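Protein chains in written order, with the working numbering: chain A, 188 to 370; chain B, 545 to 701.
Here is the structure we will look at.
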């Protein structure tokens, strides 16, 4: 790169200072692999295990002025979580999903560290007791895995069922939290 | 049947930036020498301000050069004797132009931009006209006037 790291950093900082950035993103190392994290002025808006095409998704949802920038507060809270020192996140969130999904995610956020719940129980809590499958879809599309703990949602028989980041990661997160895992 | 134009989507800004930040800096170094870095940052801040108003993703490279040219012209008009930092550039494809490039420092701003964009970056006159805010004919005239001036300088030495 012809542009020096200092010049590059100065430009990015000036862009943020002038309020010209719709959404920032960064890649954060973690025990479950590199995480793609993104935030708007309002708060964290996206966490994902696979960064492919996510800059375009951010562009469509939050605005095209997408710029890579360190997200220190998100990185710090995630680090603390993975070190077992943080059981709840204090990050502001910017969630833009359909109303039903928003209801489900709001209930999901209340599932405590180290506990598990089921798709059916979550469905009942949003007043749609027969919508366990739709709740499963909401988990699959969770824009903020880890922070919104969809890994704590398991099948009614206790099986892990599924996870957008793969079952191995779900297992790792539950083990980290000391949740009782099915045999 | 009418041909359907495939509309090119606008990429997220990071992609646009990474695709063009280096060549825009090289271009500005040719025009402004040591003063290029401030102009470079101003170029991409202006691009960021205008980005939400883009209607399609076509000609984004030319658009970046357009903004850079305007920033450089403002700078050249304000401080008319820029320093050329003498950097050689492996991207230069035309040996004749490479030999003459140092002389562009002596040209008036419009001619200088037209010559550098045409011979250094191989942009066509339509794109150069956009950059200069003029017609294609005027861009062509500025480039050839610049080339004539360079030839006279070369003969004069």
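Just so it is clear, CB atoms sit at the ideal spot from N, CA and C, and this is done for glycine as well.
None of the values given here were measured: they were computed from a predicted structure.
Can you give me, in chain order, the residues of the segment 237-251 of chain A that have a beta carbon less than 8 Å from any beta carbon in chain C?
The question asks about chain C, but that chain is absent: this structure's protein chains are A and B.
Sub-8 Å separation of residue 214(A) and residue 238(A) beta-carbons:
yes
For residue 660(B) versus residue 598(B), is the C-beta spacing smaller than 8 Å?
no
Helix, strand or coil at residue 652(B) [DSSP, three-state]
coil
State whether the segment 288-296 of chain A contacts the segment 307-317 of chain A, with contact taken as three or more CB pairs (one from each stretch) at a distance under 8 Å.
yes
Among the residues of its own chain, which have a CB less than 7 Å from the CB of residue 629(B), if the five just before and after it don't count?
Model confidence at residue 629(B) stands at a pLDDT of 45, short of 50, so the residue's coordinates are unreliable and nothing is read from them.
Give the secondary structure of residue 236(A) by DSSP, where H, G and I count as helix, E and B as strand, and everything else as coil.
coil
Quick one, are the C-beta atoms of residue 621(B) and residue 564(B) less than 8 Å apart?
no
Sequence-distant residues of the same chain with beta carbon closer than 6 Å to residue 336(A), five excluded per side
298
Identify every residue that forms a DSSP beta bridge with residue 348(A).
Looking at the DSSP assignment, residue 348(A) forms no beta bridge with any residue, so it has no partner.
Roughly how many angstroms lie between the CA atoms of residue 686(B) and residue 589(B), to the nearest whole one?
28 Å
Using three-state DSSP, classify residue 588(B) as helix, strand or coil.
helix
Which of the three DSSP states, helix, strand or coil, is assigned to residue 286(A)?
helix
is_contact[residue 588(B), chain A] using C-beta, thresh 8 Å:
yes
Cβ atoms of residue 255(A) and residue 288(A): under 8 Å apart, would you say?
no
Near-chain B residues of the segment 194-210 of chain A - C-beta to any C-beta below 7 Å
194, 197, 198, 201, 202, 205 and 207
Output needed in chain order: residues of the segment 578-609 of chain B with a Cβ under 9 Å from some Cβ in chain A.
581, 584, 585, 588, 589, 592, 593, 595, 596 and 598
What are the boundary residues of the beta strand (DSSP E) that includes residue 263(A)?
Not the beta strand (DSSP E): residue 263(A) falls in the alpha helix (DSSP H), residues 259-269.
For residue 557(B), which residues in the same chain have their Cβ closer than 7 Å to its Cβ, ignoring the five residues on either side in sequence?
592 and 595
With a threshold of 8 Å between beta-carbons, can residue 233(A) be considered close to chain B, or not?
no
Three-way DSSP call (helix, strand, coil) for residue 557(B) in this model:
helix
From the DSSP output, in three-state form, read off residue 139(A) for me.
As shown, chain A starts at 188 and ends at 370. That puts residue 139(A) outside it, with no answer to give.
Find out if the Cβ-Cβ distance for the pair residue 241(A), residue 269(A) is shorter than 8 Å.
no
If the criterion is Cβ atoms closer than 8 Å, does the pair residue 360(A) and residue 368(A) meet it?
no
In this structure, does DSSP put residue 313(A) in helix, strand or coil?
coil
Chain A within 8 Å of residue 638(B), Cβ atoms only:
Legend: pLDDT at residue 638(B) = 49, less than 50; position of this residue unreliable, value from coordinates given subsequently. Chain A contact via Cβ: absent.
DSSP three-state call for residue 629(B): helix, strand or coil?
Confidence is the limiting factor: at residue 629(B) the pLDDT is only 45, short of 50, which leaves the residue's position unreliable, though a coordinate-based value still follows. Coil.
For the beta strand (DSSP E) containing residue 296(A), list its first residue and its last residue.
Residue 296(A) -> no beta strand (DSSP E), and no H or E assigned at all.
Measure the C-alpha to C-alpha separation of residue 267(A) and residue 363(A) and round it to an integer number of angstroms.
12 Å
Going by beta-carbon coordinates alone, are residue 261(A) and residue 210(A) separated by less than 8 Å?
no
Test: residue 631(B) CB closer than 8 Å to a CB of chain A
Bear in mind that the predicted position of residue 631(B) carries a pLDDT of just 40, short of 50, making it unreliable; the figure below should be weighed with that in mind. Residue 631(B) does not count as touching chain A.
Would you kindly work out how many angstroms separate the C-alpha atoms of residue 545(B) and residue 600(B), rounded to a whole number?
Confidence in residue 545(B) is poor, its pLDDT being 41 and thus under 50, which makes the residue's placement too unreliable to answer from.
Cα-Cα separation between residue 637(B) and residue 571(B), rounded to whole angstroms
Because residue 637(B) sits at a pLDDT of 43, beneath the cut-off of 50, its placement in the model cannot be relied upon, and the following sentence gives the value as read from the coordinates. Straight-line Cα distance between these residues: approximately 14 Å.
For a quick check, are the C-beta atoms of residue 602(B) and residue 197(A) less than 8 Å apart?
no
Use the C-beta contact count for residue 646(B): other C-beta atoms within 10 angstroms, 16 or more gives buried, fewer gives exposed.
exposed
Near the ligand MG: residue 290(A) beta-carbon under 7 Å from a heavy atom
For the ligand MG, the structure offers nothing, since it holds no ligand at all.
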